[in-house]
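Beneath this line is the structure, given in structure tokens, with notes to follow.
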Amino acid sequence: MKKSLLILLALIGFGLSAGAQDAITIPEGAQIQSLRNDGKSELYIRGCDDGLRLDDMNNLYGDYWRFYLVGTVNSLLDVTVKPYATTQKIALRKGCGYVARYNNGGGDIFVRIYITEMVVNKSDEIIGATILYQTGYLSRDEIERARVEREEREASKIFWNGDAVSYPLLRKTLLAKFDSDNDGKISRLEASKETSLVINTKENMRIDQTGIGNLTGLTSLIFNKANIYGEIILALPNLRRFTIVDNEHGVKSIDLSGCVNLDTVTISKLSIDNINLRNCKKLRHLEFTSQYYSYINEQLNISGCTALEEIISYFCVRGKVLNASGCTSLTNFYTMEFNEINLSGCSNLERFFWDKDGTDGYTLSKINLDRCFKLESIHLRNSKVNELKLSDCKELSSFELDSSAVKNLDLSDMKHLYQLSC
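Counted the way our numbering counts, the sequence shown spans residues 64 to 485.
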């Protein structure tokens with residue numbers, strides 16, 4: 064009796080062991096299906112118009128399908144490749160992993176395959192295979208990239224509130240400047256203590272708006288011959304001085320309209336599409352200074368800068384559109400090589416002076432001086448001006464115009480005009 068019980072327990076133990084070995088790991092999203100080797104039954108994969116078939120030699124094939132043998136694997140999860148060097152047919156074996164690639168012109172669809180068993184009939188003849196398969200899986204390289212990206216995302220969260228700085232070089236620069244306790248994070252106190260930041264890297268750097276925005280203590284930001292590219296968009300509540308020197312190719316636009324306490328902007332040797340300083344109501348000084356030109360390909364917008372008294376250009380800035388409307392403290396305007404200049408609503412402007420031959424494509428063609436109520440003098444020597452707006456400029460007393468293109472200029476309301484040269 065005891066011997067029979069031991070034999071029975073041994074058989075049960077063997078059965079459990081065998082069952083454990085045959086256990087199949089089915090990843091989330093994977094499916095399993097048996098396929099007969101008659102060349103007729105088909106396995107259809109979601110997203111693929113053509114199915115998979117099995118011939119009488121147990122070769123897997125299908126229109127627009129290619130195959131790759133991974134080899135003997137323990138489970139479907141071990142199939143982590145996405146190869147392109149493949150064959151049109153492939154022999155199936157139990158315990159082997161494969162990759163199938165489908166492409167009928169609409170892009171690659173990869174399917175990883177694991178053969179759980181070869182199906183046999185009562186005569187032990189193989190009549191098909193049971194296939195565990197999955198689409199949308201990650202290759203080893205993709206898994207590694209995802210891991211690196213996760214680590215990078217975590218490493219980028221350098222501020223106390225979880226805000227990230229996406230660009231590694233900027234992150235390194237900010238940590239070196241602000242992380243005084245070297246803990247890899249910038250606390251609220253650390254962000255508020257430093258008042259100035261100078262960036263002069265020779266490597267390409269992008270400026271992360273979210274990260275920079277936490278530096279509430281900054282009053283001065285200087286880019287000195289730094290290879291900044293992309294956009295600079297800032298909303299620093301205490302920034303008073305912004306300087307950018309020698310960036311001819313990288314920066315596409317600068318937007319400081321969110322810097323409500325900005326006082327001084329200095330620009331030198333810059334080529335850019337747009338500069339937006341709109342409604343920086345405390346801006347008093349805007350200076351373009353260099354022995355080289357700065358180019359503004361689209362627009363310099365300083366409209367609504369009500370404290371701006373003067374634009375210092377040293378004749379070294381060129382651009383398409385200058386919008387300085389509503390700069391109510393501006394008293395004088397001197398030559399700046401823009402195609403269009405809008406000074407409408409500059410209610411304290413007294414003098415407009417332009418004396419340039421308009422070469423190199425930067426020819427002044429449109430001027431808007433509407434509602435410049437205190438304008439007394441216009442000196443304009445440019446033969447290409449074809450649009451000049453002067454409504455409500457009733458204090459104009461001296462007007463020198465060298466342009467045959469202006470038509471229908473109405474000076475009837477300018478009762479103080481005593482000097483006219485056209």
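We treat Cβ as the ideally placed atom computed from N, Cα and C, and that holds for glycine. In this text, all values refer to a predicted model and were calculated from it rather than measured experimentally.
Let me confirm a value: F436 is counted as buried when at least 16 other C-beta atoms fall within 10 Å, else exposed. Which label applies? Here residue 436 corresponds to residue number 373 of the sequence shown, with the count starting at 1. Label assigned to F436: exposed.
Can you tell me where the beta strand (DSSP E) holding V182 begins and where it ends? The sequence position of residue 182 within the sequence shown is 119, counting from 1. Counting along the chain, the beta strand (DSSP E) containing V182 begins and ends at I172 to V183.
In whole angstroms, what is the alpha-carbon distance linking N267 and F286? Translated into the one-based positions of the sequence shown, residue 267 becomes position 204. Translated into the one-based positions of the sequence shown, residue 286 becomes position 223. A direct Cα-to-Cα measurement between N267 and F286 gives close to 13 Å.
Since Y131 and T149 should fall inside the 8 Å C-beta cutoff, what is the C-beta to C-beta distance between them, to a whole number of angstroms? What you label residue 131 is simply residue 68 of the sequence shown in a count that begins at 1. What you label residue 149 is simply residue 86 of the sequence shown in a count that begins at 1. 5 Å between Cβ atoms; contact.
Locate the alpha helix (DSSP H) running through A192, then write down its first and last residues. The count along the sequence shown starts at 1 and reaches residue 192 at position 129. Counted as a single uninterrupted DSSP element, the stretch harbouring A192 is not any alpha helix (DSSP H) but the beta strand (DSSP E) occupying residues I189 to T198.
Just to confirm the assignment, what range does the alpha helix (DSSP H) spanning A218 have? On the sequence shown, residue 218 is found 155 positions in, with the first residue counted as 1. A218 -> alpha helix (DSSP H) spans R203 to S219.
Suppose you measure from the CA of K288 to the CA of S440; what does that come to, to the nearest Å? Taking the first residue of the sequence shown as 1, we reach residue 288 at position 225. Taking the first residue of the sequence shown as 1, we reach residue 440 at position 377. Computed Cα separation, rounded: 39 Å.
Length at least 4, wholly inside the stretch 102-180: the alpha helix (DSSP H) runs in chain order: Along the stretch 102-180, the alpha helix (DSSP H) does not occur as any fully enclosed run of 4 or more residues.
Identify, in the order they occur along the chain, each residue of the same chain with its Cβ nearer than 8 Å to the Cβ of K457, setting aside the five sequence neighbours on each side. Here residue 457 refers to the residue found at position 394 of the sequence shown. Cβ within range, chain order: F436, D476, M477, K478 and H479.
Rounded straight-line distance, which links the Cα of Y196 to that of R175: Stepping through the sequence shown from its first residue, residue 175 is reached at position 112. Stepping through the sequence shown from its first residue, residue 196 is reached at position 133. When rounded, the distance between both Cα atoms is 6 Å.
What does the Cβ neighbour count give for D246, buried or exposed, with the cut at 16 atoms within 10 Å? Here residue 246 refers to the residue found at position 183 when the sequence shown is read from its first residue. Taking all protein chains shown into account, D246 has fewer than 16 neighbouring C-beta atoms within 10 Å of its C-beta and is therefore exposed.
Taking the alpha-carbon positions, what's the R99 to L140 distance? Start at 1 with the first residue of the sequence shown, and residue 99 comes out as number 36. Start at 1 with the first residue of the sequence shown, and residue 140 comes out as number 77. In a straight line, the C-alpha of R99 is about 24 Å away from that of L140.
With DSSP collapsed to three states, give me the class of Q354. Within the sequence shown, residue 354 is the residue found at index 291, counting from 1. In this structure, Q354 counts as coil in the three-state DSSP scheme.
Ends of the beta strand (DSSP E) at T264? Position 201 of the sequence shown, counting from 1, holds the residue named residue 264. Where T264 is concerned, there is no enclosing beta strand (DSSP E), given that its DSSP letter is neither H nor E.
Ignoring anything shorter than 3 residues, give me the beta strand (DSSP E) runs that lie fully in the stretch 345-392, in order along the chain. The qualifying runs are 348-351, 357-364, 373-375 and 380-386.
Taking the continuous alpha helix (DSSP H) assigned at F241, which residues delimit it? As a first step, residue 241 must be located in the sequence shown, where it is residue number 178. Residues P231 to F241.
I'd like to know whether the C-beta atoms of G191 and Y177 end up nearer to each other than 7 Å. Residue 191 sits at position 128 when you count from the first residue of the sequence shown. Residue 177 sits at position 114 when you count from the first residue of the sequence shown. The answer is no: Cβ separation not under 7 Å.
Given a cut-off of 7 Å, decide if I249 and I270 are closer than it, judged by their beta-carbon atoms. Counting from 1 along the sequence shown, the entry for residue 270 is found at position 207. Counting from 1 along the sequence shown, the entry for residue 249 is found at position 186. No, they are not a contact pair.
For R434, three-class secondary structure by DSSP: Counting from 1 along the sequence shown, the entry for residue 434 is found at position 371. Here R434 sits in coil by DSSP.
Roughly how many angstroms separate the alpha carbons of E253 and T282, rounded to a whole number? Taking the first residue of the sequence shown as position 1, residue 253 is located at position 190. Taking the first residue of the sequence shown as position 1, residue 282 is located at position 219. Cα to Cα, E253 sits roughly 14 Å from T282.
Three-state secondary structure (DSSP) of Q84: As a position in the sequence shown, residue 84 is number 21, starting the count at 1. Confidence in Q84 is poor, its pLDDT being 42 and thus under 50, which makes the residue's placement too unreliable to answer from.
Starting from T329 and walking both ways along the alpha helix (DSSP H), at which residues does that stretch end? The residue labelled residue 329 in the question sits at position 266 within the sequence shown. Looking at the DSSP string, T329 is not in any alpha helix (DSSP H); the run it does join, the beta strand (DSSP E), is T327 to N339.
Name the two residues that bound the continuous alpha helix (DSSP H) containing G408. Looking up residue 408 in the sequence shown gives position 345. No residue range can be given for G408, since it is assigned to no alpha helix (DSSP H) and is classified by DSSP as neither H nor E.
In three-state DSSP terms, what is E253? One-based indexing of the sequence shown puts residue 253 at position 190. Under the three-state reduction of DSSP, E253 is assigned to helix.
Can you name, in chain order, every residue of its own chain whose Cβ lies under 7 Å from the Cβ of S392, other than the five neighbours on each side? On the sequence shown, residue 392 is found 329 positions in, with the first residue counted as 1. The answer, listed in chain order, is T369, A370, L371, E372 and N411.
Report the three-state DSSP secondary structure of T282 (helix, strand or coil). As a working note, residue 282 is residue 219 in the sequence shown. Coil.
Rounded distance between the beta-carbons of E361 and K383, thought under 8 Å: As a first step, residue 383 must be located in the sequence shown, where it is residue number 320. As a first step, residue 361 must be located in the sequence shown, where it is residue number 298. Correct: roughly 6 Å between the Cβ atoms.
Would you call N224 buried or exposed, if buried means 16 or more other Cβ atoms sit within 10 Å of its Cβ? Position 161 of the sequence shown, counted from the first residue, corresponds to residue 224. That one is exposed.
Under 7 Å between the Cβ atoms of L406 and I365? Sequence index remark: in the sequence shown, residue 406 carries index 343 (1-based). Sequence index remark: in the sequence shown, residue 365 carries index 302 (1-based). In terms of Cβ geometry, L406 and I365 do not form a close pair [threshold 7 Å].
Please return the same chain residues whose Cβ sits closer than 6 Å to the Cβ of Y397, not counting the five positions on each side in sequence. Taking the first residue of the sequence shown as position 1, residue 397 is located at position 334. Here the set comprises F416.
Hey, how far is the Cα of T135 from the Cα of I153? Walking along the sequence shown from the start, residue 135 turns up at place 72. Walking along the sequence shown from the start, residue 153 turns up at place 90. Distance between the alpha carbons of T135 and I153 is about 14 Å.
Helix, strand or coil for I75 per DSSP? The residue labelled residue 75 in the question sits at position 12 within the sequence shown. Unreliable placement is indicated for I75, whose pLDDT of 36 sits below 50; the coordinate value is still reported in the next sentence. Looking at I75 - three-state DSSP - the assignment turns out to be helix.
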